[in-house]
Amino acid sequence: MAKYKDVEMPGDLYYFNTDNHVWAKIEEDNKVRCGIDQFGQKAAGTMAYVKFKPPGGKTIKGRPMGTVEAGKYIGPVRAPVNGTILEINQEVRDDPTLINKDSYGKGWIALIEPDNLEEDFKDLIHGEENVQAFLEADYKKYEEEGLFAEEEDK
Amino acid sequence: MIRLLDLNEVSYLHSQTIYHAVAYCTTPASPGTIIILRPREPYGCVGYHQWLEKVIDVDYCHQKGVPIIRREVGGGAVYLDSDQLFFQCIFPVNKAPRRVDSLYKLFLKPAVNTYRRLGIDAYYRPVNDIQVNEKKICGTGAGRIEDASVVVGNLLFDFNYGEMARILRVSSEKFRDKIHDSMQLYLTTLRRELGYVPDQERTKDILIKEFEQLLGCSLYSDDLTSEEQQTLASMDKKFTDPVWLYEKGGKKTNWIKISADVNIVESTHNSPGGPIWIILRLKGDTIDDIVISGDFTIQPNNALANLGDRLRGQPHEADPLLKMIESFYKDQGIESPGITPEDILKAIMTEKY
Chain Z
1 MAKYKDVEMP GDLYYFNTDN HVWAKIEEDN KVRCGIDQFG QKAAGTMAYV
51 KFKPPGGKTI KGRPMGTVEA GKYIGPVRAP VNGTILEINQ EVRDDPTLIN
101 KDSYGKGWIA LIEPDNLEED FKDLIHGEEN VQAFLEADYK KYEEEGLFAE
151 EEDK
Chain R
1 MIRLLDLNEV SYLHSQTIYH AVAYCTTPAS PGTIIILRPR EPYGCVGYHQ
51 WLEKVIDVDY CHQKGVPIIR REVGGGAVYL DSDQLFFQCI FPVNKAPRRV
101 DSLYKLFLKP AVNTYRRLGI DAYYRPVNDI QVNEKKICGT GAGRIEDASV
151 VVGNLLFDFN YGEMARILRV SSEKFRDKIH DSMQLYLTTL RRELGYVPDQ
201 ERTKDILIKE FEQLLGCSLY SDDLTSEEQQ TLASMDKKFT DPVWLYEKGG
251 KKTNWIKISA DVNIVESTHN SPGGPIWIIL RLKGDTIDDI VISGDFTIQP
301 NNALANLGDR LRGQPHEADP LLKMIESFYK DQGIESPGIT PEDILKAIMT
351 EKY
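Residue numbers (my numbering), protein chains in the order written: chain Z, 1 to 154; chain R, 1 to 353.
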């Protein structure tokens, strides 16, 4: 488990280095489950609304597959892989704060059938050491620039 | 250099689609754009994540000829008209603050200063509000649209509280009345604060100067580019498409937001003695107002009104509230067959905010 201050990022997950910090996990039959990691939810603040492409919708790596809203600000959630959405987490739709409270468990967002898993996962960050380095570097940068949402937001 | 699109009065549709078009055409190399305008016609407007049919009384709007738009930025349902001066800030993501509250704080500053120059003691209240004496005096919304950060807001010269309450889809007329009363308490305008409506053109000039002061440069007047005009045509088409307008989804909530920390809800709890209806207004985590009623027997007759009085000003927390209700039952000798203090607590705590 990579850990820095109040953020944990499991080293066995893969991380898409994008504006929202998306995590991805390879599941049975090579399907990909994904969500926003603890770092991303800390930066965004308390989630108020979420909206995602429905099952059957195509995802393009790096392009929005949905949106989240915190503090009346809408931000994109970028797909970590090219593929087709198989399932959207309805619990998160009903209670978006699950993304804040349980980012890697109940706060998952989408299950995707990837078009080319190996190719799309090449540049995702993975492994304890790499994830730790990624977490520390981004956390320090966000702290210096004052980019984390105020704790009062939560 | 920052562009100014000073558009005076535009159609209700363009009061939303123009800034969307500019946002979609924004690239990392684009200049920032400030748009200032007023809608010619009144309309209802819902946020991107809202399910329109769940929040707006569509039948009423159709009957009255009030158009409805769904925007691509956040926030809730609002009633917009020519008594509000809109300002819309569209900047490349790499030229705007990345943190949401910093984005709002920056782009709401000209509006705050404009109000102050008109003689109102307005202030920015995090995350996204402008207030005067703890009353909201500005509507706001923001979002990321492609490569643009967008912040929108309005200066409220006057406000149609009645129509704002009327266009909302609510569970009862009693609740609508409470929403109306709550807005009267917590939403203010230039007319209310000054006793008159200041000249809109002069106010606009002050706002533009405040943007120039904030951004450290003169704004240059511009028109929409041909690419923006083309994109505008597609935005007009999209925003009037029923598929877009009536797209299902959004968080299931019965709460109505009045201002930054004031929210109101109506809920029902079915107990063995009958249904208990609650209209609850929270200010932060405190019960600001509460109306308890229901279809059940309770003695003495004025018990529920008195209980409401007792609960006003109390924290919206289960354990202390239950103790208070139990104590009230004991002190007042309350009799309510089939209704216990726990039932009343459940009704008050039914809707989590």
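Even glycine gets a Cβ: it sits at the ideal position worked out from N, Cα and C.
Here the structure is a predicted model, which is why all the values come from computation and not from measurement.
Entirely within the stretch 28-106 of chain R and at least 3 residues each: give me those beta strand (DSSP E) ranges in chain order. Listed in chain order, they are 32-39, 43-46, 68-70, 78-80 and 84-92.
Where does residue 269(R) fall in DSSP's three states? Three-state result, residue 269(R): strand.
Exposed or buried, which one is residue 221(R) when buried takes at least 16 other CB atoms within 10 Å? The residue is exposed, with fewer than 16 neighbouring Cβ atoms inside 10 Å.
Looking at the unbroken beta strand (DSSP E) that takes in residue 49(Z), where does it start and where does it end? Here the beta strand (DSSP E) through residue 49(Z) covers 49-52.
Leaving out five residues on either side along the sequence, give the residues of the same chain with a beta carbon under 7 Å from the beta carbon of residue 238(R). Only 244 meet the Cβ criterion.
Do residue 114(R) and residue 203(R) have their C-beta atoms within less than 9 Å of each other? Going by C-beta atoms, residue 114(R) is nearer than 9 Å to residue 203(R).
Can you tell me which of 186(R), 86(R) and 152(R) puts its alpha carbon nearest to the alpha carbon of residue 375(R)? Given that chain R is displayed from residue 1 to residue 353, the structure contains no residue 375(R) and the question cannot be resolved.
Under 8 Å Cβ to Cβ from residue 14(Z), same chain only, skipping five residues before and after it: list those, please. Result list for residue 14(Z): 23, 24, 25, 26, 80, 121, 124, 125 and 126, in chain order.
Going along chain Z, which residues have a C-beta under 9 Å from residue 180(R)? Correct list: empty, because the minimum Cβ distance to chain Z is about 22 Å.
Tell me where the alpha helix (DSSP H) around residue 204(R) begins and ends. Taken as a continuous stretch (DSSP letters only), the alpha helix (DSSP H) holding residue 204(R) covers 200-215.
Give a yes or no on whether the minimum CB-CB distance between residue 48(Z) and chain R is below 9 Å. Residue contact check for residue 48(Z) against chain R: a CB pair falls below 9 Å.
Are there 16 or more other CB atoms within 10 angstroms of the CB of residue 248(R), so buried, or fewer, so exposed? So residue 248(R) counts as exposed.
Pairwise C-alpha distance: residue 47(Z) and residue 101(Z): Each residue's Cα considered, the two are about 10 Å apart.
Residue 41(Z) - DSSP class collapsed to helix/strand/coil: The answer is helix: DSSP assigns residue 41(Z) an H, G or I state.
Report, in whole angstroms, the separation of the C-beta atoms of residue 88(Z) and residue 110(Z), which I expect to be a contact under 8 Å. Confirmed, about 6 Å.
Quick check: is any heavy atom of the ligand MN less than 8 Å from the C-beta of residue 16(Z)? For the structure depicted, the ligand MN is absent and the ligand set is empty, with no information on it obtainable.
Less than 9 Å between CB atoms is the rule here; does residue 79(R) satisfy it with respect to chain Z? Under the Cβ distance rule, residue 79(R) does not count among the residues neighbouring chain Z, no pair being separated by less than 9 Å.
Between the stretch 221-236 of chain R and the stretch 4-21 of chain R, do at least 3 Cβ pairs fall closer than 8 Å? A contact exists between the stretch 221-236 of chain R and the stretch 4-21 of chain R.
is_contact[residue 147(Z), chain R] using C-beta, thresh 9 Å: With 9 Å as the cut-off, residue 147(Z) counts as an interface residue toward chain R.
Which chain R residues are close to residue 70(Z), counting only those with a beta carbon under 8 Å from its beta carbon? Contact annotation for residue 70(Z) against chain R: 100 [CB-CB distance below 8 Å, chain order].
Sequence-distant residues of the same chain with beta carbon closer than 7 Å to residue 94(R), five excluded per side: Correct list, in chain order: 28.
How about residue 23(R) and residue 146(R): are their beta carbons less than 9 Å apart? In this structure, residue 23(R) lies near residue 146(R), with their beta-carbon atoms less than 9 Å apart.
Under three-state DSSP, which class holds residue 114(R)? Residue state, collapsed to three classes: helix.
To be precise: take each residue of the stretch 132-155 of chain R, compare its Cβ to all Cβ atoms of chain Z, and keep it if any distance is under 7 Å. Which residues remain? Of all residues in the stretch 132-155 of chain R, those with a C-beta nearer than 7 Å to a C-beta of chain Z are 140, 141, 142, 143 and 144, reading in chain order.
What's the gap between the Cα of residue 16(Z) and the Cα of residue 78(Z)? Straight-line Cα distance between these residues: approximately 9 Å.
From the DSSP output, in three-state form, read off residue 67(Z) for me. DSSP places residue 67(Z) in strand when its eight states are reduced to three.
Residue 99(Z) to residue 8(Z), Cα distance in whole Å? Approximately 14 Å, taken between the alpha carbons.
Give the range of the alpha helix (DSSP H) segment to which residue 344(R) is assigned. Per DSSP, the unbroken alpha helix (DSSP H) holding residue 344(R) starts and ends at 341-349.
How would you write the range of the beta strand (DSSP E) that residue 129(R) sits in, first residue to last? In the DSSP annotation of this structure, the continuous segment of the beta strand (DSSP E) that includes residue 129(R) starts and ends at 129-132.
Between which two residues does the alpha helix (DSSP H) harbouring residue 182(R) extend? Counting along the chain, the alpha helix (DSSP H) containing residue 182(R) begins and ends at 173-186.
What residues from chain Z crowd round residue 128(R), counting only those whose CB sits closer than 7 Å? Ordered by position in chain Z, the residues that pass the 7 Å Cβ test against residue 128(R) are 71 and 72.
Backbone secondary structure at residue 23(R) - three-state DSSP: DSSP places residue 23(R) in helix when its eight states are reduced to three.
For residue 73(R), return the contacting residues in chain Z, with the cut-off set at a CB-CB distance below 7 Å. Per Cβ cutoff of 7 Å: 74.
Output the boundary residues of the beta strand (DSSP E) element that contains residue 150(R). Run containing residue 150(R): 148-156, per the beta strand (DSSP E) assignment.
Helix, strand or coil for residue 1(R)? Go by DSSP, reduced to three states. Secondary structure at residue 1(R): coil, using DSSP grouped into helix, strand and coil.
Report the partner residues of residue 315(R) according to the DSSP bridge assignment. Answer by DSSP bridge pairing, in chain order: 286(R).
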